[in-house]
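If you number the sequence shown the way this note's numbering does, the last residue is 735 and the count never jumps.
Read through the structure below, which is laid out as structure tokens, and then see the notes.
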Amino acid sequence: MKRPSGFSPILKKRARTCLLLRLKEGAKMVDMLPSFLNNRNLKLAIFGGKGGTGKTTSASSAALCLAWLYPSKKILLISSDPAHSVGDSLGMAIGAHKVGVDGVPNLEALEIDPLPLLKDFKKKHEKEINEIIKRAGFYGQINVKEFLSFSLPGMEEMMIFLHVAEKYKYTWYQPQEADIIVLDTAPTGHTLRLLDMPIMMDEWMDVVDQSLLKYKTHPRLYASGSIYHEGDRVDLMVENIRSDFAAVREMLVNREQTEFVPVLIPEIMAIEETKDLLRALKDKQIRVNSIVINRLRGSNGNCPFCASKVEDQSESIKEIEKAFEGYNLIKMPLFPFEVQGIRSLEKYADVLMDEIQTIEVRANTNESGISQIPAINRPSIDSQVKFVMFGGKGGVGKTSMAAAMAVHLAKTYPDQKVLIYSVDPAHSLADSFAMEIGDKITPIQWSGVSGQGSKVRDQGSGIRGQGLMTNDQCPVTSSNLFAMEIDSEHLLHDFIEDYRAIIRDAFDTWESMRETKMEMRFDRNVMAMFARTAPPGMNDVLAMEKITEFINEKKFDWYILDTAPTGHLLVLLEFPNLVREWLSCTYRSLVKYQVQIALTNLKELGNRILKSTQLVNKIHDMLTNPEVSQLVTVTIPEAMG
């Protein structure tokens with residue numbers, strides 16, 4: 095797409111106004127602007143938060159504001175969400191290559207597709223990778239070629255960060271591609287994993303270093319005189335990757351140039367997830383100054399539904415102001431139109447910059463006090479299907495639909511047991527049912543009569559009038575409805591620690607029986623560190639392992655899965671192949687050692703990994719069998735839904 099040559103007429107006035115604001119009072123920015131707009135040193139603004147809170151809208155509008163405020167700077171809007179929405183938000187086609195945004199000459203946008211980037215990376219470093227395989231396999235039991243032949247865990251996230259860092263890297267031979275980058279991220283769980291990438295890649299480079307160390311230090315290799323020398327291309331590649339990610343880490347923690355902007359809406363689930371996000375960002379030393387609160391409602395005449403939502407929001411707003419005291423809270427209204435396309439984004443941006451506009455709202459014609467709900471078709475679930483997944487874009491009501499369906503099935507089939515469980519890294523089931531739910535099977539208490547029961551004000555549960563009640567309010571316990579929030583990250587942590595302990599004990603025992611301490615030290619370190627590089631989806635395998643146990647024991651008749659937003663769901667549906675390769679590769683390496691180390695615990699570890707490999711096959715067969723599994727797609731009547 096050809097880059098626009100200048101501001102469109104409608105934007106020229108706005109750009110001039112912004113420039114005048116900057117020139118006021120001795121060229122100082124006015125205090126009314128949010129911190130991420132009022133920072134001359136800003137290089138990177140990251141927008142993140144719960145799915146469906148308006149992250150993409152906020153990021154796109156912020157990019158527009160920055161383009162108006164800094165007409166001499168190049169602004170680049172990037173999406174790292176696997177389910178891209180930036181193109182939908184701007185109302186134009188955007189892909190993996192930069193395109194100019196119509197009417198805004200200094201704003202470009204792109205949606206990162208990490209797979210082609212990863213393919214290019216492997217092609218670029220093919221010689222170095224082959225050399226690593228050759229050297230690491232020279233004396234080792236480990237088949238490094240297998241480890242490097244499939245997509246390494248985290249490599250896609252690595253490509254995203256390297257691509258972002260590349261865009262404003264400046265050298266004498268490479269001009270800076272962007273002065274300011276606005277990054278639109280995936281929902282919270284995926285974003286936090288993305289921010290962990292610099293540490294994870296450092297661990298990967300440790301694995302590579304350790305696998306090469308035996309080669310470098312072995313006397314026979316030194317005797318050959320020319321097989322290895324300091325500063326060769328493999329060392330340079332490893333050092334360059336380390337250097338790039340050190341720069342990424344430095345970029346993220348630079349409080350002058352980088353700011354993370356959490357985005358939420360006034361609902362309990364979004365508030366709780368934002369609290370978790372802020373704790374994680376504090377641990378990672380990433381600066382947060384402003385928080386965007388979207389979809390604030392005002393008075394809406396005689397509409398009873400609107401009045402109830404305003405009442406609900408008032409309590410949530412009080413909670414937000416209390417929980418996030420000390421942050422700059424940017425309150426954005428619920429617009430009477432879908433914010434999509436440059437024109438509507440301009441209106442959002444006007445409010446963001448505190449240029450309050452009168453927004454025309456169509457008069458409410460329903461004064462009867464009765465909400466008009468159109469006739470709908472319920473999801474059709476075949477009685478033979480026992481495994482139901484709910485998926486879709488963040489914020490469209492997946493958890494509410496899954497919970498409502500679980501209640502419906504429990505009432506429709508009172509003699510059958512229903513389990514609803516979540517593998518979403520940002521669990522919302524507990525908020526939806528307004529009760530404590532953890533990693534144990536929890537009975538759900540409800541009135542048992544549709545539309546009756548608790549009249550407690552809805553706390554953002556998304557299920558109003560379904561008869562759901564908290565433990566201390568309901569005298570009746572359903573005997574057939576249960577819930578569980580599986581902490582897959584904790585399961586993965588335990589798996590890694592068990593793996594490392596067994597490897598450590600096995601090598602301790604073997605070295606005590608042989609005079610090979612130096613040789614085995616490298617193998618020990620590589621095998622121990624490799625466990626930390628489990629691919630995306632390994633945590634889901636461990637989570638599904640629990641469910642598979644229930645299936646084998648015929649503990650429940652129905653399984654309702656509340657998934658993460660679309661991007662993570664796609665990973666969940668695609669993970670079997672990658673995880674299967676990783677497990678098989680690990681198992682074959684363990685078998686090689688088992689020939690020489692006849693130890694019970696090593697054999698048990700091998701059997702466990704073999705069992706997990708078989709489980710992956712079973713999960714894949716189950717998910718792709720329409721006779722037993724069904725996916726219900728949840729959306730909303732909006733273009734970006």
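By construction, the Cβ of each residue, glycine as well, lies at the ideal position given by its N, Cα and C atoms.
With at least 16 other beta carbons inside 10 angstroms of its own, T147 counts as buried. Assignment of A259 by DSSP, reduced to helix, strand and coil, places it in the helix class. Under the three-state reduction of DSSP output, V198 falls in the strand class. Listed in chain order, the beta strand (DSSP E) elements of length 3 or more contained wholly in the region 131-182 are 138-143 and 169-173. Partner residues in the beta bridge of F576, as assigned by DSSP, are L513 and P537. Inclusion of A272 and K149 in the CB contact set at 7 Å is not warranted, their separation being larger than that value. Scanning its chain for C-beta atoms nearer than 6 Å, with the 5 sequence neighbours on each side dropped, one finds around T493 the residues S522, S526 and D656, in chain order. When secondary structure is reduced to three states using DSSP, G486 falls in the strand class. Judged by DSSP secondary structure, K425 falls outside any alpha helix (DSSP H) and instead within the beta strand (DSSP E) spanning N422 to P427. DSSP lists V512 as the beta-bridge partner residues of W652.
Of the candidates K216, A157 and K378, K378 places its Cα closest to the Cα of R349. If you draw a straight line from the Cα of P430 to the Cα of K218, it comes to about 50 Å.
Looking at the DSSP output, L390 shares a beta bridge with P427. Under the DSSP definition of a beta bridge, T368 lacks any partner. The C-beta separation of F650 from L513 comes to about 4 Å, placing the pair in contact by the 8 Å criterion. Beta-bridge pairing by DSSP links L204 to I172. Contact between the region 206-218 and the region 253-262 is present, with at least three C-beta pairs closer than 8 Å.
Residue environment: K487 is assigned as buried (16 or more neighbouring CB atoms within 10 Å of its CB, all protein chains considered).
By the C-beta density criterion, D278 is buried, having at least 16 other C-beta atoms within 10 angstroms. Residue range S723 to V728 is occupied by the beta strand (DSSP E) that includes L725.
Apart from sequence neighbours up to five positions away, the residues of its chain that approach V347 with a beta-carbon distance below 7 Å are Q379 and I380, ordered along the chain. Its Cα nearest to that of P427, the residue A443 stands out among L586, A443, G420 and E415. Using a 10 angstroms sphere on the CB of T680, the tally of other CB atoms reaches 16 or more, which defines it as buried. With a contact defined as Cβ atoms closer than 8 Å, I424 and P360 miss out at about 13 Å. Remark: C-beta atoms of N646 and S582 do not approach each other more closely than 7 Å.
Of I596, K640, Q724 and S606, the smallest CA-CA separation from G700 is found for I596.
Annotated three-state conformation of P398 is helix, per DSSP. I654 is a Cβ neighbour of V482, given a cutoff of 7 Å.
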